[in-house]
Amino acid sequence: MMIYYDGNAKSWHSNHSGFTLGSNNQPLLPSFTTPLEFLPFKMMTRGNNIGPIVGILTSYNSNNKLIGNRPLFEKLQRELDEFGGMIVIFPPEQLTTTKVDGFTYIASQDKWLPITTPLPHVIYNRVPFRKTEEGYSFAAAIELIKNNSLPFFNPHFINKYELSQLLKQDIMLQNYLPDTELLHSEQTVTDFITKYGSVYVKPAAGSKGKNIYRLSKKNDGSILLQSIQGEQQFSSLHEVVNDYLSIWTTKEHIIQEEINVDLFNGHRYDFRILATYLDGNYKLTGVGIRQSSRQDVTTHVPAGGKIISYEHVQNKEHDRFFLLAVKHCGELLTSRFGFFGEFSIDACIDKSGNYYIFEVNSKPMLFDEPEIETNRCRQLAKLFYELSGF
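In this note's numbering, the protein residues as written are 1 to 390.
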């Protein structure tokens, strides 16, 4: 069914009477002629309600511009265009008890246009900054969402230490976790280096492989500290601690044993596993492989990592592990934090054939593999329809 938006009056119109729009059932204004300046939208019907309006929660940057993963949002709108539906991106400040002010993507014009709609039928949290999630406006938006019983998924970012503690509670997942602790003091670092010889230090609230350090103890007691920026040699662990402990304890960091990761063509690689909830279960959406290249502290592409096809390393054992990890991680996250509609897992296999889960990401970035992104958008569109009842 087609409906029309008058951008000047911020009003919604239909050629048919008796229909409403949005989760709060705002009546559509009858309009038996459609002026050229009205924007047309292809939507679905559920009884006399029109939708779905899919709200995507994002935020302003320091220049007061609305930001977020625009390429993903555009692909999602194109997916909804096939059957009907509208993506509206908005910051927490623009959600009220009756409406939302945001932007929608018009694929035929390849433009984002300002729009005001009734309350969405479902909301996906894609806020890109932890600081935004910690603010008053986000908390107020979440309270409004709860009060209106709006389907909402991916409630917040995941702290790395909280995640490790949570996964330890699962009888299956606890077998796939590297030893991880909060970095409290020099003694914590000493204990881990003594036990493992090589360890990672990571921000508990970090992302995209930033500010990660690897510490390796040499036979002479010296310490090699490596990051994606380069490496430093220290005569002792105490010397490292003198330079870095204040950084690592001012903001929460974890310390983690280094895993002797399997190699492909001489370089370490790991798995990026994408999962989506659909029809009552968490399903595997796709698997990407990231391989170290110019440095081997991380495999992140912005830090020089390479993309290789999963087909190069695929086997039945990997496939079984992915399905198990997706099911257990999804169910555990949802039971602890609230409903997760999609997430990604960073994992690896070591040289002895043991699997490890490093991280679960609540805001998966774009996958560089087109087939994974296509499947992802298709699955998310199905989830939007499922949660909204259209």
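The beta carbon of each residue, even a glycine, is placed where N, CA and C say it ideally should be. Source: prediction; values computed, not measured.
The alpha helix (DSSP H) enclosing residue i, as first and last residue numbers
i: residue 243; result: 237-250
i: residue 210; result: No alpha helix (DSSP H) holds residue 210; DSSP gives it neither H nor E.
i: residue 290; result: It is not in any alpha helix (DSSP H) - residue 290 instead sits in the beta strand (DSSP E) that spans 281-291.
i: residue 136; result: 136-147
i: residue 192; result: 186-196
Span of the beta strand (DSSP E) around residue i
i: residue 230; result: 230-234
i: residue 318; result: First-last for residue 318: 316-337, but that is the alpha helix (DSSP H), not the beta strand (DSSP E).
i: residue 50; result: 49-51
Rounded C-alpha distance that separates residue i from residue j
i: residue 186; j: residue 194; result: 12 Å
i: residue 86; j: residue 169; result: 39 Å
i: residue 37; j: residue 45; result: 24 Å
i: residue 165; j: residue 319; result: 25 Å
i: residue 387; j: residue 22; result: 14 Å
i: residue 295; j: residue 306; result: Per-residue confidence for residue 295 stands at a pLDDT of 46, beneath the threshold of 50, marking its modelled position as unreliable; the derived number appears in the next sentence. The alpha-carbon atoms of residue 295 and residue 306 are separated by roughly 11 Å.
i: residue 405; j: residue 278; result: One cannot answer for residue 405 here, as it falls past the ends of the chain, which runs 1 to 390.
i: residue 60; j: residue 131; result: 11 Å
i: residue 444; j: residue 228; result: Examination of residue 444 is not possible in this model, given that the chain is present from 1 through 390 alone.
i: residue 107; j: residue 159; result: 36 Å
i: residue 122; j: residue 255; result: 38 Å
i: residue 281; j: residue 344; result: 15 Å
i: residue 269; j: residue 120; result: 41 Å
i: residue 124; j: residue 152; result: 6 Å
i: residue 43; j: residue 28; result: 13 Å
i: residue 178; j: residue 257; result: 6 Å
Option in the options with minimal Cα separation from residue i
i: residue 128; options: 68, 199, 146 and 73; result: 68
i: residue 214; options: 206, 378 and 231; result: 231
i: residue 219; options: 235, 70, 54 and 78; result: 235
i: residue 335; options: 155, 184, 189 and 315; result: 155
i: residue 148; options: 76, 257, 99 and 378; result: 99
DSSP beta-bridge partners of residue i
i: residue 67; result: 59
i: residue 344; result: 274 and 361
i: residue 181; result: 255
i: residue 153; result: 124
i: residue 308; result: 289
Quick check: the segment 228-241 against the segment 335-344, are there 3 or more CB pairs under 8 Å? no
Below 8 Å, can you find three or more Cβ-Cβ pairs linking the segment 81-95 to the segment 139-146? yes
I want to know whether the segment 251-258 touches the segment 281-292 - three or more CB-CB distances under 8 Å. no
Below 8 Å, how does it come out for the segment 376-390 and the segment 47-65: are there three or more Cβ pairs, yes or no? yes
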